[in-house]
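Visitor: Numbering-wise (the working numbering), the sequence shown opens with residue 77 and increments by one.
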Amino acid sequence: MHLFWQRAMYGGFTTVVSQNEKGNNRFCSDYDPTQKTTWLMYLDAVSLYASTMAGEKYPTGNFQWVTDLTEFDPLAVDCTGDTGYLVEATFTFPEQMHGYFADFPPCPVKRPVSAEELSPRSEMLATLLGLDPHQKVKKLVADLHERTNYVLPLSTLQFVVGLGVELISVTRVMSFSQAPILAPYLELCLRLRAQSKTKLESDILKLAGNSVFGFTLRDCLNELDVRLVYNEKAMSKLINSPRYEKLKKEYGDAVSLVFSDTDSIVAKVEKETEDSYSTDLIPKFGDILDTRNYDPSSPHYSLERKKRPGCFTDELGGRILEEIVCLKPKSYCCKIKNAPLIIRSEGVPMSTQKLFLFEDYKKCLLQGDPKTVEFKRIGRKRQRLYTFSCSKIALSSFENKRFWLDTPLYRSLPFGHAAIKTLSSEESQLSRS
Numbered sequence: 077m078h079l080f081w082q083r084a085m086y087g088g089f090t091t092v093v094s095q096n097e098k099g100n101n102r103f104c105s106d107y108d109p110t111q112k113t114t115w116l117m118y119l120d121a122v123s124l125y126a127s128t129m130a131g132e133k134y135p136t137g138n139f140q141w142v143t144d145l146t147e148f149d150p151l152a153v154d155c156t157g158d159t160g161y162l163v164e165a166t167f168t169f170p171e172q173m174h175g176y177f178a179d180f181p182p183c184p185v186k187r188p189v190s191a192e193e194l195s196p197r198s199e200m201l202a203t204l205l206g207l208d209p210h211q212k213v214k215k216l217v218a219d220l221h222e223r224t225n226y227v228l229p230l231s232t233l234q235f236v237v238g239l240g241v242e243l244i245s246v247t248r249v250m251s252f253s254q255a256p257i258l259a260p261y262l263e264l265c266l267r268l269r270a271q272s273k274t275k276l277e278s279d280i281l282k283l284a285g286n287s288v289f290g291f292t293l294r295d296c297l298n299e300l301d302v303r304l305v306y307n308e309k310a311m312s313k314l315i316n317s318p319r320y321e322k323l324k325k326e327y328g329d330a331v332s333l334v335f336s337d338t339d340s341i342v343a344k345v346e347k348e349t350e351d352s353y354s355t356d357l358i359p360k361f362g363d364i365l366d367t368r369n370y371d372p373s374s375p376h377y378s379l380e381r382k383k384r385p386g387c388f389t390d391e392l393g394g395r396i397l398e399e400i401v402c403l404k405p406k407s408y409c410c411k412i413k414n415a416p417l418i419i420r421s422e423g424v425p426m427s428t429q430k431l432f433l434f435e436d437y438k439k440c441l442l443q444g445d446p447k448t449v450e451f452k453r454i455g456r457k458r459q460r461l462y463t464f465s466c467s468k469i470a471l472s473s474f475e476n477k478r479f480w481l482d483t484p485l486y487r488s489l490p491f492g493h494a495a496i497k498t499l500s501s502e503e504s505q506l507s508r509s
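1) Would the region 172-184 and the region 272-284 be scored as touching if the rule is three or more Cβ pairs under 8 Å?
2) Pull up the DSSP beta-bridge partners for Cys409, would you.
3) Tell me the rounded alpha-carbon separation between Cys410 and Glu435.
4) If the criterion is Cβ atoms closer than 9 Å, does the pair Lys382 and Asp366 meet it?
5) If contact is defined by three or more beta carbon pairs under 8 Å, each pair taking one atom from either stretch, is the region 125-138 in contact with the region 260-272?
6) Within its chain, find whatever has a CB closer than 6 Å to the CB of Pro182; leave out the 5 residues flanking it on each side and keep chain order.
7) Helix or strand or just coil, what does DSSP make of Arg267?
8) May I ask whether a heavy atom of the ligand FMN can be found less than 8 Å away from the beta carbon of Val241?
9) How many whole angstroms separate the CB atoms of Met77 and Phe139, which I take to be in contact at a CB cut-off of 8 Å?
10) Just to confirm, are Asn414 and Gly393 a CB contact at a threshold of 9 Å?
11) Are Leu485 and Arg478 touching if we call contact CB-CB under 9 Å?
12) Would you check if the distance between the CB atom of Val142 and the CB atom of Phe335 is smaller than 9 Å?
13) Who are the Cβ neighbours of Gly256 in its own chain at under 6 Å, not counting the five residues just before and after it?
14) If I measure Cβ to Cβ from Ile412 and keep anything under 8 Å in the same chain, skipping five residues before and after, which residues do I get?
15) So Ala330 is in the alpha helix (DSSP H); what residue range does that whole segment cover?
16) Round the Cβ separation of Lys347 and Trp115 to the nearest angstrom and send it over; I've been treating them as touching at under 8 Å.
17) Determine the burial state of Gln95: buried for a count of at least 16 other Cβ atoms within 10 Å of its Cβ, exposed for fewer.
18) If you check the beta carbons only, do Gly240 and Met173 fall under 9 Å apart?
19) Are there 16 or more other CB atoms within 10 angstroms of the CB of Pro184, so buried, or fewer, so exposed?
20) Only counting the same chain, and skipping five residues up and downstream in sequence, which positions put a Cβ closer than 8 Å to that of Cys155?
21) By Cβ distance, which residues of its chain are closer than 6 Å to Pro318, with the 5 residues on each side in sequence left out?
22) So, for Val213: in the same chain, excluding its five sequence neighbours on each side, which residues have a beta-carbon less than 7 Å away from its beta-carbon?
23) Nearest to Ser374 by CA position, among Cys387, Arg384, Ile358, is which residue?
24) Between which two residues does the beta strand (DSSP E) holding Lys344 run?
25) If you follow the alpha helix (DSSP H) that Gly157 is in, where does it begin and where does it stop?
26) Name the residue from Ser421, Ile341, Thr159, Leu216 whose alpha carbon lies nearest to the alpha carbon of Lys468.
27) Return helix, strand or coil for Pro359, following the three-state DSSP convention.
28) Put Gly238 into one of helix, strand or coil per three-state DSSP.
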């Protein structure tokens, strides 16, 4: 049973769908009225981990296998009661739904990406950068291939089937008693955080909630029992002992995903509006938008939903995102009108990131040239502290979690998309001719 639950843990998902997008509206410095009006929005979930855990019921006991699956209808079972279910299911993404799921396929899988799956553009970049395309590192990939014996909560299965996923079979089911055991503590953390007056106080309360999430995911099988022993007899004894839907529903094909982190997204919306997208966004999503970071003089400024669980904040505070370059997950740069750049480059110290320019990201994307940085860090070796000099590639445009296209440039498709087969056959015909 423990191993069955372990298979349901996949990790935090991040993705880049488009490596370069520009906003085009009358507030942008290089606005072109002859082109479509587009807006870029950067939304971040408020207290994603804590609010999700506070609203969910957790297993409390009575774990048992459901032996008679002939009487078990997975789509009719009520998952909100006192009994929860973890299921092993096989399901597929119908080809007619590939367009709908192209930006954000649900239920990612942890697997290596083979060289045969890469697009010609990705293969060219790998050769240019001297990278081995036959990487064996497992990544969390959201593709459109069939999910076989995929373990997930029944409530999640019901949700994705409602989106258009086709359920083929359910092969194993585990039932258990469930109750909102974490709700009182997490609701207290959320309430106190909403009342906090300093960033330090807010961060401490945020950690108090998020740490519960990490603690519940501890893998006991990987824990070590380390003991210091001082004689042979004692040593001998030890050795021998045995959280998509809302934006897509409202804007349809006019909205496309640029990138997604675990608790935030950047989306592109093609929308004709007289004012900034906030005049269109707030009337439609005002009930879930926390606008405490807007200018107090703005008509949209409000403290009504300050740090309310389940809401989203506009990371730009109503400012205009003119252009974004996303090289890969957790490596991007946002150009904001009349505001400093937002820069992220995972694994690089913040002091070094502050030296990056928007042009560095753009050059890396357009020319394929990686950017190498050198920095110092304090590390430990054999229980002693040392200062290490490090050199690493900070910026690289090679990204292999999706199939990157030549047309439109810097856009991508998930592996398994029906259009990839068409593109591959067209390229084969061109190579023969």
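C-beta atoms are modelled at their ideal positions from N, C-alpha and C, and glycine is treated no differently.
Guide: Let me lay it out:
1) Result no; under three Cβ-Cβ pairs closer than 8 Å.
2) Walking along the sequence shown from the start, residue 409 turns up at place 333. Answer is Val401, Ile419.
3) Mapped onto the sequence shown, residue 410 falls at position 334. Mapped onto the sequence shown, residue 435 falls at position 359. For the pair Cys410 and Glu435, the Cα-to-Cα distance works out to about 11 Å.
4) Taking the first residue of the sequence shown as position 1, residue 382 is located at position 306. Taking the first residue of the sequence shown as position 1, residue 366 is located at position 290. The answer is yes: Cβ separation under 9 Å.
5) Remark: three or more beta-carbon pairs, one from each stretch, lie closer than 8 Å, so the region 260-272 and the region 125-138 are flagged as touching.
6) Translated into the one-based positions of the sequence shown, residue 182 becomes position 106. The beta carbon of Pro182 sits closer than 6 Å to those of Val236, all from its chain and outside the five residues before and after it, given in chain order.
7) Looking up residue 267 in the sequence shown gives position 191. In the three-state scheme derived from DSSP, where H, G and I count as helix and E and B as strand, Arg267 is classed as helix.
8) With respect to the ligand FMN, the structure shown offers nothing to examine, as it has no ligands at all.
9) Mapped onto the sequence shown, residue 77 falls at position 1. Mapped onto the sequence shown, residue 139 falls at position 63. The Cβ separation is near 6 Å, so the contact holds.
10) Along the sequence shown, one-based indexing puts residue 414 at 338. Along the sequence shown, one-based indexing puts residue 393 at 317. No.
11) Along the sequence shown, read from residue 1 onward, the residue named residue 485 stands at position 409. Along the sequence shown, read from residue 1 onward, the residue named residue 478 stands at position 402. Going by beta carbons, Leu485 and Arg478 fall outside the 9 Å limit.
12) Reading the sequence shown from its first residue, position 66 is the one you call residue 142. Reading the sequence shown from its first residue, position 259 is the one you call residue 335. Not in contact: Val142 and Phe335 (Cβ atoms no closer than 9 Å).
13) Indexing the sequence shown from 1 puts residue 256 at position 180. Reading off the sequence, residue 256 comes out as Pro, not Gly. If we look at Pro256 and ignore the five residues flanking it on each side, its Cβ neighbours are Lys133.
14) The residue you call residue 412 lines up with position 336 of the sequence shown. Cβ neighbours of Ile412 beyond the five flanking positions: Leu392, Arg395, Ile396, Leu397, Glu398, Ile418.
15) Position 254 of the sequence shown, counting from 1, holds the residue named residue 330. Ala330 -> no alpha helix (DSSP H), and no H or E assigned at all.
16) Position 271 of the sequence shown holds residue 347. Position 39 of the sequence shown holds residue 115. For a cut-off of 8 Å, the C-beta gap from Lys347 to Trp115 is around 6 Å, short enough to register as a contact.
17) Counting from one through the sequence shown, the residue named residue 95 turns up at place 19. In summary, Gln95 is buried, with 16 or more beta-carbon neighbours lying within 10 Å of its beta-carbon over all protein chains present.
18) The residue you call residue 240 lines up with position 164 of the sequence shown. The residue you call residue 173 lines up with position 97 of the sequence shown. At the C-beta level, Gly240 and Met173 come within 9 Å of one another.
19) For the purposes of this step, residue 184 is taken as the residue at position 108 of the sequence shown. So Pro184 ends up on the buried side.
20) Within the sequence shown, the letter at position 79 stands for residue 155. Correct list, in chain order: Tyr161, Pro229, Leu230, Ser231, Gln234.
21) What you label residue 318 is simply residue 242 of the sequence shown in a count that begins at 1. In this predicted model, Pro318 has a pLDDT of only 49, less than 50, meaning its place in the structure is not dependable; the value taken from the coordinates is given anyway. The beta carbon of Pro318 lies closer than 6 Å to none in the same chain, with the five residues before and after it left out.
22) Position 137 of the sequence shown, counting from 1, holds the residue named residue 213. Annotation for Val213: Pro188 place their beta carbon closer than 7 Å to its own, counting only its chain and skipping 5 residues before and after.
23) For the purposes of this step, residue 374 is identified with residue 298 of the sequence shown, where counting begins at 1. Ranked by Cα distance from Ser374, the first of Cys387, Arg384, Ile358 is Ile358.
24) Counted from its first residue, the sequence shown places residue 344 at position 268. Per DSSP, Lys344 belongs to the beta strand (DSSP E) from 340-346.
25) Residue 157 sits at position 81 when you count from the first residue of the sequence shown. Where Gly157 is concerned, there is no enclosing alpha helix (DSSP H), given that its DSSP letter is neither H nor E.
26) Here residue 468 refers to the residue found at position 392 when the sequence shown is read from its first residue. Closest option to Lys468, Cα to Cα, is Ser421.
27) Counting from 1 along the sequence shown, the entry for residue 359 is found at position 283. Helix at Pro359.
28) The count along the sequence shown starts at 1 and reaches residue 238 at position 162. Gly238 falls in the helix class under three-state DSSP.
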